[in-house]
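Residue numbers (UniProt numbering): 1 to 317.
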């Protein structure tokens, strides 16, 4: 980014203040000196105290020239390319988009930018050029956050679940769903849909991992096929339904993503892309432990206790 800014490219970097505690102004000095603009989203106005700590910008949006866009699970950091020895292998899913859907990503970025920078950039051809490529894939870019009382991404996930007739494949690093999503998945299982849920065996937050395991057990008992991914840390946030519809984005299957975080997902309606995501899930199954109810019931009393406590506090995790 610094090199591009030095060559005259407009470079704008927006990052979440709470989510980037190790990022210092000195780390961004070279980018700023080269002409790049950098702003923090919802920064603390009082040292060491942020009254908006719950409202995090969890979106991961990159747009180049208004023509190519990226969205998915990847942040920018060493751990996301497997360079953090504490985490090791990082498994994620990210999309490259071209065509009209890029304009929706661009628009969302500019809206977020205006909040953080108080700059109001024109929605004109400079930022929204005519698409060079017009494909056949139907794509919806859906954003949600605490600035709206409509939980659009959660509602989109529910719509996909309700539409399922054959199978639902879900990958999420954090499985802390609200009652509506949990019940919808259980009803799908009871309706004969092949529901498969995959979470990491070892998460990056022990408390959230305990809560996730508690919910995983409930779905397992209902008849869902559940997996612990053990090759590394699974950070992908995907759902694939019946081999024709899918969503990839930043929203986890948890309360925070549904109602507190600023999130963005791509909903895609295409058999080829859904088929590729199905294959990825099935490949990841080979790197996972398939759980069964008998094995799950053999957890120690201590594990059952802490998972129950974690589930009780899950709405605030």
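Where a beta carbon is used, it is the ideal one built from N, C-alpha and C, also for glycine.
Is the region 246-261 touching the region 127-135 in the sense that three or more CB pairs, one from each, lie closer than 8 Å? no
Note down, in chain order, each residue of its chain lying with its Cβ closer than 8 Å to the Cβ of residue 204, except the 5 sequence neighbours on either side. 87, 173, 233
Which residue spans inside the region 99-130 form an unbroken alpha helix (DSSP H) run of at least 4? 101-117
Supposed contact pair residue 214 and residue 91 - C-beta distance, whole angstroms, cut 8 Å: Actually they are not in contact, since the Cβ atoms of residue 91 and residue 214 sit about 23 Å apart, beyond 8 Å.
If you run the structure through DSSP and keep just helix, strand and coil, what is residue 94? strand
Can you tell me which residues form a DSSP beta bridge with residue 239? 170, 247
Whole angstroms is fine: what's the gap from residue 120's alpha carbon to residue 113's? 8 Å
With distances taken from CA atoms, which of 148, 34, 211 is nearest residue 304? 211
Determine the direct distance from the alpha carbon of residue 161 to that of residue 301, and round the result to whole angstroms. 33 Å
Is the Cβ-Cβ distance between residue 268 and residue 246 less than 8 Å? yes
Would you say the beta carbon of residue 271 comes nearer than 7 Å to a heavy atom of the ligand ADP? Here there are no bound small molecules, and the ligand ADP is not part of this structure.
Local conformation of residue 305 per DSSP, three classes: helix
Is it the case that the Cβ atoms of residue 141 and residue 101 are separated by a distance below 8 Å? yes
Write down the C-beta distance between residue 71 and residue 266 rounded to the nearest angstrom, noting that I regard them as a contact closer than 8 Å. 5 Å
If I measure Cβ to Cβ from residue 31 and keep anything under 8 Å in the same chain, skipping five residues before and after, which residues do I get? 1, 2, 5, 11, 13, 38
At which residue ranges does the region 265-308 contain complete alpha helix (DSSP H) runs of 4 or more residues, listed in the order of the chain? 271-285, 293-297
If you count every other CB in all the chains shown that lies within 10 Å of the CB of residue 282, and 16 or more means buried, which is it? exposed
Residues bridged to residue 263 by DSSP? 144
For residue 231 and residue 196, believed in contact at Cβ under 8 Å, the rounded distance: So it is not a contact: roughly 17 Å between Cβ atoms.
Buried or exposed (CB count within 10 angstroms, at least 16 for buried), residue 151: buried
If you drop the 5 nearest sequence neighbours on each side, which residues of the same chain put their C-beta closer than 8 Å to that of residue 35? 5, 6, 8, 11
Reference residue 229, options 108, 287, 270, closest by Cα: 287
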